[in-house]
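**Q** Each residue of the sequence shown is one higher than the last, beginning at 967 in the working numbering.
Cβ atoms here follow ideal geometry from the backbone N, Cα and C, with glycine treated the same way.
This structure is a prediction, so every number in the text was calculated from the model and none was measured.
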Amino acid sequence: MYSCPPCVNLFIPSEYRKIAENLFPTGGFPAGTGPTQEAASAFAEILGIGADYWRLLEVNQMGGEMNAFLCHFQNNLDLLIQKTWVEKADEIRKEKLQDRVPGFVAGIKAGNFQQALEEFGAILEELAYLLFGAQSGKEDFPEYTFRIDTQMGLFWWYGGRLGSLRSGGKHRPADAALQAGPGDRAELKALWAVLLIGICYLTNF
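(1) What do you get for residue 1127, buried or exposed, if any count of 16 or more other CB atoms within 10 angstroms of its CB means buried?
(2) Should residue 1102 go down as buried or exposed, given a rule of 16 or more other Cβ atoms within 10 Å for buried?
(3) According to the Cβ coordinates, are residue 1166 and residue 1015 closer than 8 Å?
(4) Are residue 1000 and residue 1153 touching if we call contact CB-CB under 8 Å?
(5) What would DSSP say about residue 1104, mapped onto helix, strand or coil?
(6) How long is the line joining the alpha carbons of residue 980 and residue 1008, rounded to whole angstroms?
(7) Out of 1032, 1043, 1113, which one is the CA nearest neighbour of residue 1061?
(8) Answer yes if the stretch 1107-1120 comes into contact with the stretch 1069-1076, meaning at least three C-beta pairs across the two stretches below 8 Å, and no otherwise.
(9) Quick one: Cα of residue 1003 to Cα of residue 1129, how far?
(10) If I measure Cβ to Cβ from residue 1162 and keep anything under 7 Å in the same chain, skipping five residues before and after, which residues do I get?
(11) Closest by CA to residue 1131, which one among 1096, 1082, 1094?
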């Protein structure tokens, strides 16, 4: 995934910078900690997706309402990918990206949020390339998107910071949400809170 160096926070409008850095601190997370649901919810508000986000945050991931929402997300993302114009040589990249989305959604439904988060980072990397071309791989990409639109810039800044939540390759089993202890359940809820930001944004893109 394209990375966001700490200095990129200078390009975040001052009225949003504190909220953004509460979600992903400039110096990284202290040992044993990660993003909070409160920080994720505040970030969702400045992205303009607060209403959907709050409604879905506590919805059962296995329930009908969430299934309907994830179906809507998948359809929207698929349509977005299809509409991107690319050179003929990149058509295979589009097809491969479309093929990744069902597995990503399946990971969410299984409650494996760590794996889904890492998969989402890869999806956003490819999506950024399809939308912005080679610009997406440059160090100033987040700054570039802020110049286009503030909320868009905030979203791609978020995407560039997802790598800070990597678990070093350690994935939970498919029924992780059922097996997790209290501390693990809190971590899973925090990861879900971060994931839901991107899912809500792209569903309404």
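**A** Working from what's here:
(1) buried
(2) Classification for residue 1102: buried.
(3) yes
(4) yes
(5) coil
(6) 15 Å
(7) 1043
(8) no
(9) 18 Å
(10) 1019, 1022, 1023
(11) The option with the nearest alpha carbon to residue 1131 is 1082.
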